[in-house]
Every structure is written in structure tokens, then in C-alpha cells.
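One structure is given below, encoded as C-alpha cells.
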Amino acid sequence: EIILYSFGYLEARDCATKIVQCYKLCSEQLSSQDHYDYGMRAVMAVLRAAGNLKRRFPDEDEHVLMLRSIIDVNLCKFLSQDVPLFEGIISDLFPGVVLPKSDYTLMEKAMREACAEMNLQEDPYFFLKTTQLYEMIVVRHGLMLVGAPFSGKTMSYRVLARALSIMAERGEEGQVKCEYHCVNPKSITMGQLYGQNDPQTHEWQDGVLAKVYKGCASDPSPNRKWVMLDGPVDAIWIEN
Numbered sequence: 033e034i035i036l037y038s039f040g041y042l043e044a045r046d047c048a049t050k051i052v053q054c055y056k057l058c059s060e061q062l063s064s065q066d067h068y069d070y071g072m073r074a075v076m077a078v079l080r081a082a083g084n085l086k087r088r089f090p091d092e093d094e095h096v097l098m099l100r101s102i103i104d105v106n107l108c109k110f111l112s113q114d115v116p117l118f119e120g121i122i123s124d125l126f127p128g129v130v131l132p133k134s135d136y137t138l139m140e141k142a143m144r145e146a147c148a149e150m151n152l153q154e155d156p157y158f159f160l161k162t163t164q165l166y167e168m169i170v171v172r173h174g175l176m177l178v179g180a181p182f183s184g185k186t187m188s189y190r191v192l193a194r195a196l197s198i199m200a201e202r203g204e205e206g207q208v209k210c211e212y213h214c215v216n217p218k219s220i221t222m223g224q225l226y227g228q229n230d231p232q233t234h235e236w237q238d239g240v241l242a243k244v245y246k247g248c249a250s251d252p253s254p255n256r257k258w259v260m261l262d263g264p265v266d267a268i269w270i271e272n
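Per my numbering, the sequence shown starts with residue 33, numbered consecutively.
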């Protein structure tokens, strides 16, 4: 509630109650999945999204902004069988609130060009997931793309990166050029990935990931810089 007040929401108490109720109902009614998160991290992502929307549309109805931020942050991670349940929950929490369609015309045009460059077939569902990935990047520092093999995860972020770069070249929507650095965490040892003490010299050696991070941090350009760990998820490398 306090954070929403700080973003300029006048109906912060009502909106905060709806966020809490939404996550409470989701945890009770939706299926149990490892990547579902209804804790404080998820709440903060919704609040950040709500703040971004309030700055962009200061005169819009606050319940519309709150509904948009809840959908943007959560819908992309739900399995197909849970989506109707989630839509039922938000329709009960926000009765009569009609959501205006997001305008991603320029981004979709850029994505079509990126697909043509990469010799990829255009697909509405692929564009939907890529757009949802962009919405998630806006509100989170780090995220995971989870899906079956050959479901288009790698090409999704590559097409998005190229589309944002195309929009930056045209000066559309204030976008900036995007670059990504891809590392396969399963192809090397943990010491080579994160860094380790050399057993002979007892000197610290930076790992591949640390060197990539340093390179991104020392680059003075305003470009978006993504560090992609592209490989199977396991507890050994992801929790180190």
C-alpha cells in the first residue's frame, strides 16, 4: 500500500488488497508448479509494473493499471490449464474493468523483420510469448525461460533482441540497441563458470561468467546487455 502511494496511486489500499487476494486465490486454486511464485518477489514485480504504468498513463483508471500489471507479470508463467482459472480469479476481483489492448504494433513489425532476417517462420503464438518476455524484462532484473526442447526459447530472446535493435535504429518508443552474451553453464566446470582459486599458485582466477559481467559493466554504452545462461537447469550451477 505504501509503495503504491509513493507511485501516486490514490486508491492504493483497495489496489493492495486486490493484489494480496489475487495471489491468495491463485495459491489455493491453481496447480502446484515449481516455477509458480506467490511470495514477496512476485508482489514486488507487480508493484514495479504498476509504477511503470502509472508514469506512462497518469490519467488512466487505477484499477485498469493494476489489472494490467497483474496480468503482465503473471499470465506468461501459467500453464495452459491454469490460464482459465487465473482469468476467472481476476474477473471476480476486478468486476466491470475492461482492459484496453496493449499497442505493440511497432514491436510486432520489428519482430516480423527480425524473423525474416533469421529465416524464421512467423507465428502468432511465438510473437505472443516474445511480447510477454519483453513485458517481463521491463519489471524484473533476472528471469528464466522455461519450456520443452525445441519450443523456441532461444530464438524468442534473439528475435526480441534484434527487434529492439531495429526499433532503436528507427528511434521508435525510446528503445536502445540490445546485445546478448550466451554461456552454456553445463559445458564447463563450476570453477570455470564462476571462478576458483588456482591450486598451484593460490591465486584467484575469474570464471567465464565473471568476465562476461565485467565486460558488460565496463562498457559505457547505453545498450541493453543480456547475459544468457542457455542450458538445462539444475541446482548445482543455478544456486551457486
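Beta carbons are placed, not taken as given, at the ideal position from N, Cα and C, and that holds for glycine.
Measure the C-alpha to C-alpha separation of Trp269 and Ala81 and round it to an integer number of angstroms. One C-alpha to the other measures close to 29 Å.
Excluding five sequence neighbours on each side, which residues of the same chain lie with their C-beta closer than 7 Å to the C-beta of Gln237? Excluding residues up to 5 positions away in sequence, Gly227, Gln228, Asp230 lie with their Cβ nearer than 7 Å to the Cβ of Gln237 in the same chain.
Taking the continuous beta strand (DSSP E) assigned at Cys210, which residues delimit it? That run of the beta strand (DSSP E) goes 210 to 215.
Among Gly174, Ile51, Met199, which residue has its Cα nearest to the Cα of Ile121? For the residues Gly174, Ile51, Met199, the minimum Cα distance to Ile121 belongs to Ile51.
Taking 8 Å as the limit between beta carbons, can you name the residues of its chain near Val208, skipping five residues before and five after? The answer, listed in chain order, is Leu196, Ala200, Pro254, Asn255, Arg256.
Pull up the distance between the alpha-carbon of Ala148 and that of Glu154, whole angstroms please. Near 8 Å, if we compare the C-alpha coordinates of Glu154 and Ala148.
Report yes or no: do the segment 70 to 90 and the segment 110 to 127 share at least 3 C-beta pairs separated by less than 8 Å? Touching, no.
Hey, out of Pro127, Val178, Leu160, Glu33, whose CA is closest to Lys141's CA? Residue Leu160 is the option with its Cα nearest to Lys141.
Return the bridge partner residues of Asp238 from the DSSP annotation. As computed with DSSP, Asp238 is found in a beta bridge with Gly227.
Smallest Cα separation from Val129: which of Glu204, Ser250, Cys47? The shortest Cα separation from Val129 among Glu204, Ser250, Cys47 belongs to Cys47.
Using DSSP's beta-bridge definition, name the partner residues of Trp258. In the DSSP assignment, the residues bridged to Trp258 are Tyr212.
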